[in-house]
Every structure is written in C-alpha cells, then in structure tokens.
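Structure first, then comments.
Numbering (the UniProt record's numbering), first residue to last: 1 to 440.
So, in structure tokens, the structure goes:
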C-alpha cells in the first residue's frame, strides 16, 4: 500500500509531474525524509494528517511550509514545475510519509487513524476518496490487530515448569574414638562371676552360674548391660561430627520457588488483564459515575458529561485499543438521561462549552499536557488546552486550525468519540502506553 500512494495520486489526476520519473523520485525522497521526521517526532503525526486530509488546506499553514522546504531540499527547482504552492503535491507527499511511518511505528498509525476517523467524514474528498478509504482501512486493520491481541483473554495459560538445580551432595567429616578393651574386659569379668581364672576377686557378680543360676543371670545381665552402655557412651563422647551448612541449598530452593510463583502470577495477571479491563468498563458504563470528578454524569449537562466520559474512558484504556472502544463510548453516552441522540450542535459551540465548564478542568489540563499550542492545523484538544479564556476564533480561523467548518454539526455521542480519538492520538504521539488501568 505504501509504495503506490504517489502513483495513485498521479493516476487519479490529482498531481502531475509531466511523466518525468526523476521528478517522481524527488517526491518519494521528500516523503521518505518526512517519514523519518515523524519517526523522530511522532507528535507531528496529527498535524500532518489533518493537512493531508484537506483539499482546502491553507497555503500558509506551518505543515505546508515545512513540507515545501523539505521538497526544495530534494528538488531545488520544483517552483518552476508548479504554479504557486503545490498543495495537492504536498498533501500526497504527506500521506505517503504518514503511511511509511505508520508501517514502522504503530503509534503513528494510531494518531493517523484516529485523526482520519474524526476529520475525513467532513472533508470534500472527491477523487481522493478511494485512496483514503484503502489507506485508512489498511492501517486500521494493522493497529486493530495489535489492540485485539493486547485486549484478548486467552482460554488457558501455560506456565513453565519450575527450574531448579539440585545442590551437590554434602560430604561430612566424622571421627570416632576407640573402645577401651581393657576396661570393658574388667567389667565383663565382674559380670561373669566373683573371681577371674587366676583367682582374683572381681568385686562384681558374687554368684556362679552352676550354683545359683537365677541369681547369677540377674546379676550378669545387669552388669553386662551397664558395661556395654558405659563403653558406648564413652565412644559417643569422643566422636566428632563437623557441622553442615544448609543455608546455601535452602536459599536456592527458596529463590527457585519465589521465581516460579512470580512467573505464575504474572502469567495469570497478563491473561486476565483483558477480561478485567472489560469488566471495569461495563461497571463504569452501568454506574454512569465519573472516577475523575467523583460525581455522577447524570447531574451534568449532557455535552459536558459526554466530554468528561471521553476523558474518563481514555484514562481507563491503553493507547492501543480496538476501534470498537469508540463505539462502546458512543453507547455509553446514549445512556445519559434527557439526551436526544439525533440532535446536532456546531462543533465550535461544543468546544466553547467545554472550554468554560468547571467540570472539565481535568480534561483541559490533560489536553494542555498532551498537545502543544500549535500555530497552524491541529486537533481540537490544542484549542481546549491552550485557548481557554482567549477570544474565540472566527469561522475562517476555526476552519484553518481544526480543518472542518465551525458550523459542522456533531451529536453529543459524536462529540464524545471525537474527543476520545484525539486523546488517544495525542497519547500515542507522545509514546504513552496507557491509562491508569492499563498500567496496573
């Protein structure tokens, strides 16, 4: 898709290089330069896209000027080929650059697709419509595939077996003493009878087995047991067993178990993250309670509540979210009481209300952090975050800055999804990973 953008613009008669392949190469080189710029500065993606979408883009817009300067570096004499500022050529270059950058960086893809879903329905695309439809659908499929993977809830999880290296066998040093045979012999002889074979008194058993066998047996067993016990006790006292240090093996086992449990918990948490996210969102939708303002949306003006709902949803979901999340927000806003889903209001009126509403202070603060105060074309968030308290733009100024007429009608759910998409695009351009829920 990315390789034939300029060719498709040529084929549709939207740009003309006089059949000169060398000139076409200069356009491609310029697009490659701008794609590199986007990869370094993704925050430019929304402004690039909003100019690329608009056949009536103002020639004095900073993006037009930046692109013209990049083209002049590659093609110094381009002004001799085109009369005036070649806005159509510049827009084709910008689209080609955006598509190439989106192929390498999904964050640029998010910024591009979300901007397209907001602005393109209100642009006079004309002969370009088929090109835009294919480009947006292609990038959206790729971004959605990643988002679906991050939101998926697997039916099962696989935990690797615990890895543990058994400790080496512990060798111990044990030394034993020797039995005092002479002393044991004396005690055994004393147990055997009153005299030794030489007639020496033993001082022990006073009976002989042939004279008083019962008495002799009693004395013999008692004295022999005592003699053996004394010998064994003495042997035990002389034994020396070196102490065994089991702290190393036990520490290794504890570490292996800890690592395995942590890996298991991580796998379970990762597998259930998508399900938990969906559960939290359903709870949020059913309660109609703002976690940022800590009040019910039901007590606010519908357009204010819708804008705050867009901000709160943005805070709860990661940057890479399926396109269905915007549809989920649309349905959630429809749950607001006293809402006429078909009533349209001028986008400038909705913006002015959001700029003045005290309930939307968190949204304005977030907008100021996410988007710079742009001199030219940019998202509505730039006005919301940086122009509160300033004079309202006139019709021409609004059209030049936002890309759509100030009178463009939006329903309240449409206004919410517009803001949500811009918030997602702005966070993607900053390289942010997700909202509060996504980081837990």
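All C-beta atoms, glycine included, are put in the ideal place defined by N, C-alpha and C.
Check, Outcome
"Expected contact under 8 Å - CB spacing of residue 377 and residue 51 to nearest Å", "5 Å"
"Three-state secondary structure (DSSP) of residue 195", "strand"
"Cutoff 6 Å; reference residue 42; Cβ partners in own chain excluding five residues on either side", "107, 108, 429"
"Residue span of the beta strand (DSSP E) that contains residue 345, given as start and end", "344-346"
"Buried or exposed (CB count within 10 angstroms, at least 16 for buried), residue 162", "exposed"
"Identity of the residues DSSP links to residue 453 by a beta bridge", "Past the edges of the chain, shown from 1 to 440, lies residue 453, and the structure says nothing about it."
"8 Å Cβ shell around residue 195 - same chain, five flanking residues per side excluded", "201, 202"
"Contact check, residue 425 vs residue 63, beta carbons under 8 Å", "no"
"Nearest-angstrom beta carbon gap, residue 144 and residue 445 [assumed within contact, 8 Å]", "Only positions 1 to 440 of the chain appear in this structure, which leaves residue 445 out of reach."
"Residue 255 classed as buried or exposed, judged by whether at least 16 other C-beta atoms fall within 10 angstroms", "exposed"
"Paired residues, beta bridge with residue 201 - DSSP", "195"
"The stretch 351-367 touching the stretch 184-199, judged by at least three CB pairs closer than 8 Å", "no"
"Cα-Cα separation, residue 17 to residue 24", "7 Å"
"Buried or exposed (CB count within 10 angstroms, at least 16 for buried), residue 341", "exposed"
"Where residue 3 falls, given that 16 or more other Cβ within 10 Å makes a residue buried", "Low local confidence applies: a pLDDT of 49 at residue 3 is under 50, so the model's placement there is unreliable, and no value is given."
"Residue 423 - DSSP class collapsed to helix/strand/coil", "helix"
"Reduced DSSP secondary structure (H/G/I, E/B, other) of residue 439", "No answer about residue 439 holds up, because its pLDDT of 37 lies below 50 and its placement is not dependable."
"Same chain, Cβ closer than 6 Å to residue 305, five either side skipped, listed in chain order", "297, 336"
"DSSP bridge partner residues for residue 410 (one or two, in chain order)", "345"
"Beta carbon of residue 137 nearer than 8 Å to that of residue 53", "no"
"Inter-residue spacing [alpha-carbon to alpha-carbon] between residue 411 and residue 258", "54 Å"
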